[in-house]
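Take a look at the structure below.
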Amino acid sequence: MGNRDSLRILRDSDLQIALEIVDEDAVGTELQMFVEARHLTEGMHTLSYTVTRLGGTPEPSEVMQVLVKLTLPGGPDHSEGPGHPGLVMSIPEDILKDGVHQGNVDAGVSITLGKADGSPPYPFAAAGDTPQFSWGGMFFSGPALTQEQADGETPVIVTIPKKTIVDAGDSGEAGLAVAFEVYDLVDNRSDGWCVEQRVVVTLDKTRLGAPLLKEAINNVLDVDNLGDADGTVQVMAVNPTPPSPPPVPPQPIDFEVGDTIFVRIKGTPKEGPPIDIELPGKVLISVPSIPEIIVSNAVLRQLAQAQIALSYRLKKADGSAQRDAKTQFISAIGEIHRLPAPVALEARQGAIDPLHPDLKQVTIEIAFGPYFAVGQAIKLFWLGTRPDLTPYLPNLNLRP
Numbered sequence: 001m002g003n004r005d006s007l008r009i010l011r012d013s014d015l016q017i018a019l020e021i022v023d024e025d026a027v028g029t030e031l032q033m034f035v036e037a038r039h040l041t042e043g044m045h046t047l048s049y050t051v052t053r054l055g056g057t058p059e060p061s062e063v064m065q066v067l068v069k070l071t072l073p074g075g076p077d078h079s080e081g082p083g084h085p086g087l088v089m090s091i092p093e094d095i096l097k098d099g100v101h102q103g104n105v106d107a108g109v110s111i112t113l114g115k116a117d118g119s120p121p122y123p124f125a126a127a128g129d130t131p132q133f134s135w136g137g138m139f140f141s142g143p144a145l146t147q148e149q150a151d152g153e154t155p156v157i158v159t160i161p162k163k164t165i166v167d168a169g170d171s172g173e174a175g176l177a178v179a180f181e182v183y184d185l186v187d188n189r190s191d192g193w194c195v196e197q198r199v200v201v202t203l204d205k206t207r208l209g210a211p212l213l214k215e216a217i218n219n220v221l222d223v224d225n226l227g228d229a230d231g232t233v234q235v236m237a238v239n240p241t242p243p244s245p246p247p248v249p250p251q252p253i254d255f256e257v258g259d260t261i262f263v264r265i266k267g268t269p270k271e272g273p274p275i276d277i278e279l280p281g282k283v284l285i286s287v288p289s290i291p292e293i294i295v296s297n298a299v300l301r302q303l304a305q306a307q308i309a310l311s312y313r314l315k316k317a318d319g320s321a322q323r324d325a326k327t328q329f330i331s332a333i334g335e336i337h338r339l340p341a342p343v344a345l346e347a348r349q350g351a352i353d354p355l356h357p358d359l360k361q362v363t364i365e366i367a368f369g370p371y372f373a374v375g376q377a378i379k380l381f382w383l384g385t386r387p388d389l390t391p392y393l394p395n396l397n398l399r400p
């Protein structure tokens, strides 16, 4: 395009929703145009554009189908308590009462969404919505809803498979948390998870007892109350009283001096890749005892608004087979950690003078965070408003 050419964006073939006259500075560059929100009404639309060269006729582009969806699955959560009241699920009573064990794990666990009264499974349900379940921190996505399911004519029943249950591992007596959220066709996410329900899982009776997180209260960790402090994992290194008469062959001793505890922390943050960390080993110097292992604040804060799966393995000092522990499932609440805002070093009192004779370039300083890792890149967004009130958002290069 050349100077004084015009670019028009059209919705539904004939409604002009944006106009740009190309100036000399924009020739040969990537043009960006902002569409006012009032033009983005709910529903399926077509988008296209025309280019009119100076003195010429409009040249149309190809047409793109665009779905606009402005409602969240489940609607807004105005409650102050934990969980979204508009997202309702039911787990079979026998599972809640007796838990998951070797006798029933093969069938998985079927979960029903909604109130089973013929109404939609949740407010603003739509065909194509995908429910995502958290089974003790392991995610499983159910099939997309059909139109009949979204309308409440057919029940929404999703089965958590055996593999997901086994991968999450055994729980302690408090059980593991089960909950779901929903994503729609345009990736709108429900306003949080449903109210969690707890299920006890016992598949391997030889596992050691689950560890504890000292700072958690009733298996809930408030990262805001935690502040900048580290967490403390506690292991109950106590051997059970041997049965009488002693079994034949004799049972192995759980904990012995010289054994090494390796704590493992797993979870999937609300933002970012899954976390799976094994902490350095701690050697037992006394039995019975309650050894404590420190877990960094940065790890725990990453898992705000997610499930923390806490377990450990015990490396035996005598060289015998290692022992695995059950998993403690902890709900982390509080605000998600945000990276600090970038700083423009040449700014003075929040403003930059582009006409200052000494201003050759602008330097942006980004504070290093504990979440940065080799191989990642930083994408900087520089959004401004030109003198003619049009937005300015250049496409800046990634910073490795």
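With the first letter of the sequence shown counted as 1, position 310 gets the number 310 in the UniProt record's numbering; the numbers rise by one all the way through.
Glycine residues also receive a C-beta, built at the ideal position from the N, C-alpha and C atoms.
From a predicted model like this one, the values you see are computed outputs, not experimental measurements.
Nearest by alpha-carbon distance to residue i: which of the options is it?
i	options	result
Asp25	Arg11, Arg4, Val257, His45	Arg4
Arg386	Gln32, Leu10, Gly28, Arg38	Gln32
Arg38	Gly55, Arg11, Thr52, Thr29	Arg11
Ala344	Ala367, Gln322, Gln328, His337	Ala367
Asn395	Arg207, Asp230, Thr29	Thr29
Ala126	Tyr183, His78, Gly103, Ile285	Tyr183
Val199	Val156, Val223, Trp135	Trp135
Ile285	Ala237, Ile294, Ile277	Ala237
Val379	Lys270, Gly75, Leu393, Leu398	According to the sequence provided, residue 379 is Lys. The question's Val does not apply to it. Of the candidates Lys270, Gly75, Leu393, Leu398, the one whose C-alpha sits nearest the C-alpha of Lys379 is Leu398.
Val223	Ile277, Leu203, Arg301	Arg301
Leu216	Lys205, Leu203, Pro155, Val295	The identity of residue 216 in the sequence shown is Ala, whereas the question assumes Leu. Ranking the options by Cα distance to Ala216, first place goes to Val295.
Gly152	Phe139, Gly350, Asp117	Asp117
Leu383	Phe34, Gln361, Pro291	Phe34
Ile91	Val178, Ser13, Ile17, Pro291	Val178
Pro400	Pro274, Phe372, Leu393, Pro391	Phe372
Gly172	Thr52, Ser13, Thr206	Thr206
Gly272	Gln376, Ile253, Gly350, Leu355	Gln376
Asp388	Pro280, Gln349, Pro243, Asp23	Asp23
Ile293	Thr260, Ala304, Ile275, Leu303	Thr260
Lys115	Met138, Pro245, Thr154, Lys270	Thr154
Under 9 Å between the Cβ atoms of residue i and residue j?
i	j	result
Val158	Ile95	no
Phe255	Val287	yes
Ser311	Pro82	no
Ser119	Thr130	no
Val88	Leu47	no
Trp193	His84	yes
Asn219	Ala174	yes
Met233	Leu213	One point to set straight first is that residue 233 is Val, not Met, in the sequence displayed. In this structure, Leu213 lies closer than 9 Å to Val233 by Cβ.
Lys266	Ile308	yes
Val201	Lys162	no
residue 449	Leu67	Outside the shown range of the chain, which is 1 to 400, sits residue 449, and nothing can be said about it.
Gln322	Pro211	no
Tyr122	Pro58	no
Asn188	Thr71	yes
Gly55	Val27	no
Leu339	Ala325	no
Ala306	Thr268	yes
Gly369	Leu226	no
Asp191	Asp170	no
Ile290	Val248	no
Phe124	Ile160	no
Arg264	Ile253	no
Per DSSP, what are the beta-bridge partners of residue i in this structure?
i	result
Glu20	Leu7
Asp222	Ile333
Val178	Trp135, Gln197
Ile160	Val109
Met64	Leu47
Ile378	Arg399
Gln234	Leu212, Glu292
Ala351	Arg348
Ser171	Thr327
Ile364	Ala344
Pro249	Partner(s): none; Pro249 has no beta bridge.
Gly384	Tyr392
Pro58	Thr52
Express the C-alpha separation of residue j and residue i in angstroms, rounding to a whole number.
i	j	result
Gly43	Ala150	16 Å
Phe180	Arg8	43 Å
Ala229	Lys97	37 Å
Ala107	Thr164	12 Å
Asp358	Pro342	22 Å
residue 418	Ala347	No statement about residue 418 is possible, as the shown extent of the chain runs from 1 to 400 and does not include it.
Pro143	Gly258	49 Å
Ile352	Leu19	29 Å
His45	Ile21	25 Å
Val100	Thr363	57 Å
Pro250	Asp77	56 Å
Thr146	Gly319	55 Å
Gln16	Val63	14 Å
Gln361	Leu393	17 Å
Closer than 9 Å, CB to CB, is residue i near chain D or not?
i	result
Gln305	Here chain D cannot be found, since the structure has a single protein chain.
- Message: Please give me, in chain order, every unbroken run of the alpha helix (DSSP H) with length at least 4 that falls completely inside the stretch 253-332.
- Response: 297-302
- Message: If we require 4 or more residues per run, which alpha helix (DSSP H) segments fall completely within the stretch 78-156?
- Response: If only complete runs of 4 or more residues are kept, the stretch 78-156 shows the alpha helix (DSSP H) at 93-98, 147-150, in order along the chain.
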